[in-house]
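Please read the structure below before turning to the comments.
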Amino acid sequence: MIDVKITMVGELATNCYIITDTATGYKAIIDPGATSPSVRGIIKNSPDKVKYILLTHGHFDHIGYVGTIKRETNAKIVISRQEASCLSEPEKSLSHMFFGKKLESVIPDILLEDGDTLNLGSSEIKFILTPGHSSGSGCYIVDEKIFTGDTLFRLSIGRTDLPTGSYREMVKSLKRLSELEGEYYIYPGHGEASMLSYEKNFNPYLKQVI
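Going by this note's numbering, the sequence shown opens with residue -3, and the numbers climb by one from there.
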């Protein structure tokens, strides 16, 4: 079982999530695009408990603080194999396009394929590849929670007009999410949290694929 804390970071108000396995206290930080008091507090007070930096994709607003967390905690940087080059190439992370500057280059520790799992203490984290926003975008599923990055938002979806984005692939990814059995909390990369059942009923993009 995991506990979820949300902190909004950076110029684009990215949702950074701190998830904690309640049995062991081990933590993962999802999409640290920039710093925040919550993230700094974790790094300062319990660096040895931070096991993973989980990245839903490689755009600058989701990866900007990865290098600092890695140095301070030695947590493993985790990203899909398709997105790995975003961590060292500003053209792919879009940092150069939006800000005209490079982010700190980092090397991932774990490259994920669709269906791979990680253990965070007693909790299992499953990764599913959901291309569309970018070719290597993915979601992390833990218990009844899905961290969807910029694939699925409350009543919307991530844009598909950026490099490696594809609306056709996004439709396939949305269909895959819609076919998950059971109820899930949706924790997106931007905006408010939601429920999968709510999105199936009211999200115009998701309704099209059901």
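No residue lacks a Cβ here, since even glycine has one placed at the ideal position from N, Cα and C.
Because the structure is a prediction, the values reported are computed rather than measured.
Between residue i and residue j, which are expected to be in contact by the criterion C-beta below 8 Å, what is the C-beta distance as a whole number of angstroms?
| i | j | result |
| --- | --- | --- |
| residue 34 | residue 3 | 4 Å |
| residue 178 | residue 52 | That belief does not hold up - the Cβ atoms of residue 178 and residue 52 are roughly 21 Å apart, past 8 Å. |
| residue 54 | residue 83 | 6 Å |
| residue 169 | residue 126 | 4 Å |
| residue 185 | residue 31 | About 17 Å; that fails the 8 Å criterion. |
Cutting at 6 Å between CB atoms, please list the residues of its own chain near residue i, excluding the five before and the five after it.
| i | result |
| --- | --- |
| residue 26 | 13, 50 and 143 |
Among residues of its own chain, excluding the 5 on either side of residue i, which ones have a beta-carbon nearer than 8 Å to its beta-carbon?
| i | result |
| --- | --- |
| residue 180 | 137, 140, 141, 142, 191 and 192 |
| residue 89 | 54, 55, 56, 59, 82, 83 and 99 |
In angstroms with no decimal places, state the Cα-to-Cα distance between residue i and residue j.
| i | j | result |
| --- | --- | --- |
| residue 45 | residue 152 | 34 Å |
| residue 162 | residue 206 | 19 Å |
| residue 47 | residue 69 | 8 Å |
| residue 8 | residue 160 | 20 Å |
| residue 29 | residue 106 | 19 Å |
| residue 158 | residue 87 | 11 Å |
| residue 43 | residue 66 | 10 Å |
| residue -2 | residue 58 | 21 Å |
| residue 75 | residue 108 | 6 Å |
| residue 79 | residue 102 | 12 Å |
| residue 19 | residue 121 | 15 Å |
| residue 128 | residue 164 | 7 Å |
| residue 199 | residue 174 | 11 Å |
| residue 117 | residue 189 | 25 Å |
Please name the residue in the options whose C-alpha comes closest to that of residue i.
| i | options | result |
| --- | --- | --- |
| residue 201 | 183, 147 and 182 | 147 |
| residue 187 | 149, 123, 168 and 31 | 149 |
| residue 16 | 79, 194, 115 and 196 | 115 |
| residue 176 | 66, 195, 184 and 165 | 195 |
| residue 104 | 123, 71, 119 and 166 | 71 |
| residue 171 | 132, 203, 123 and 119 | 203 |
Any heavy atom of the ligand ADP closer than 6 Å to the Cβ of residue i?
| i | result |
| --- | --- |
| residue 159 | Here there are no bound small molecules, and the ligand ADP is not part of this structure. |
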